[in-house]
Amino acid sequence: MFPLGFLMFPLGTGVSHGEFVLPSRNLGTAGPRMPSQLEHAMETLMFTFHKYAGDKEHLAKEDLRALMDKEFPGFLENQRDPQALERILRDVEQSRDGRVGFQGFFSLVAGLTIACNDYFVLHMKQRGRR
Numbered sequence: 000m001f002p003l004g005f006l007m008f009p010l011g012t013g014v015s016h017g018e019f020v021l022p023s024r025n026l027g028t029a030g031p032r033m034p035s036q037l038e039h040a041m042e043t044l045m046f047t048f049h050k051y052a053g054d055k056e057h058l059a060k061e062d063l064r065a066l067m068d069k070e071f072p073g074f075l076e077n078q079r080d081p082q083a084l085e086r087i088l089r090d091v092e093q094s095r096d097g098r099v100g101f102q103g104f105f106s107l108v109a110g111l112t113i114a115c116n117d118y119f120v121l122h123m124k125q126r127g128r129r
């Protein structure tokens, strides 16, 4: 069984991607359906994390650097602080062993998304005032 929120889905009931099956792809009797945009976003977050996680449960510092370089191109090179990656790692690592679990990775992505949304909202407000 795979938990998704308060629901439990048996593995193998949907369309597979590697070893994982997105459960909600085949919940109805009409056959498989396409995932919603939010389901696709969740799937993308999970697969991206596991793509870079060396031991499949954590990102080492090198894994995090590779992920940031590839998935957030330009982010580190646009930082004025050369210790940006170190600060990010300190902020998101929970076990204080230099590794980041999925929850820490998700917190990083959520923080970046919040910052982007704040910028977007500010930009839209400024644009509306003109």
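Once you know that position 14 of the sequence shown is 13 in numbering that gives the first Met the number 0, the rest is easy, because the numbers rise by one and skip nothing.
For glycine and all other residues, C-beta sits at the position ideal for the given N, C-alpha and C.
Residue i, buried or exposed, once every other Cβ within 10 Å from all chains shown has been counted against 16
i: Y51; result: buried
i: I87; result: buried
i: G103; result: buried
i: G13; result: Low per-residue confidence applies at G13: pLDDT is 44, beneath 50, and the placement is therefore not dependable, though the value from the model is reported in the following sentence. Buried, because 16 or more other Cβ atoms sit within 10 Å of the Cβ of G13.
i: H39; result: exposed
i: L37; result: exposed
i: L111; result: exposed
Coarse secondary structure for residue i, derived from DSSP in three states
i: L58; result: strand
i: R126; result: helix
i: F1; result: Interpretation of F1 is limited by its pLDDT of 40, a score under 50 that renders its predicted location unreliable; the figure taken from the coordinates is listed afterwards. Three-state result, F1: strand.
i: L10; result: Low local confidence applies: a pLDDT of 40 at L10 is under 50, so the model's placement there is unreliable, with the coordinate-based value given in what follows. Here L10 sits in coil by DSSP.
i: A40; result: helix
i: M45; result: helix
Separation of residue j from residue i, as counted between CA atoms
i: P2; j: E61; result: The predicted position of P2 is uncertain, since its pLDDT is 41 and thus under 50; no value can be drawn from it.
i: A65; j: L121; result: 31 Å
i: E76; j: P31; result: 42 Å
i: F71; j: T47; result: 12 Å
i: F105; j: G97; result: 16 Å
i: M41; j: R126; result: 31 Å
i: V91; j: F119; result: 24 Å
i: G53; j: A59; result: 7 Å
i: F74; j: Q82; result: 13 Å
i: L107; j: D117; result: 15 Å
i: K55; j: A114; result: 28 Å
i: T43; j: H49; result: 10 Å
Member of the options whose CA lies at the smallest distance from the CA of residue i
i: R89; options: L63, H39, D54, D117; result: L63
i: D163; options: M33, T112, L84, E38; result: This structure gives no information on residue 163, because the portion of the chain shown stretches from 0 to 129.
Exercise for the section: Jot down the residue ranges of each uninterrupted alpha helix (DSSP H) in the segment 64-115, minimum 4 residues, whole runs only, in chain order. Expected result: 83-91
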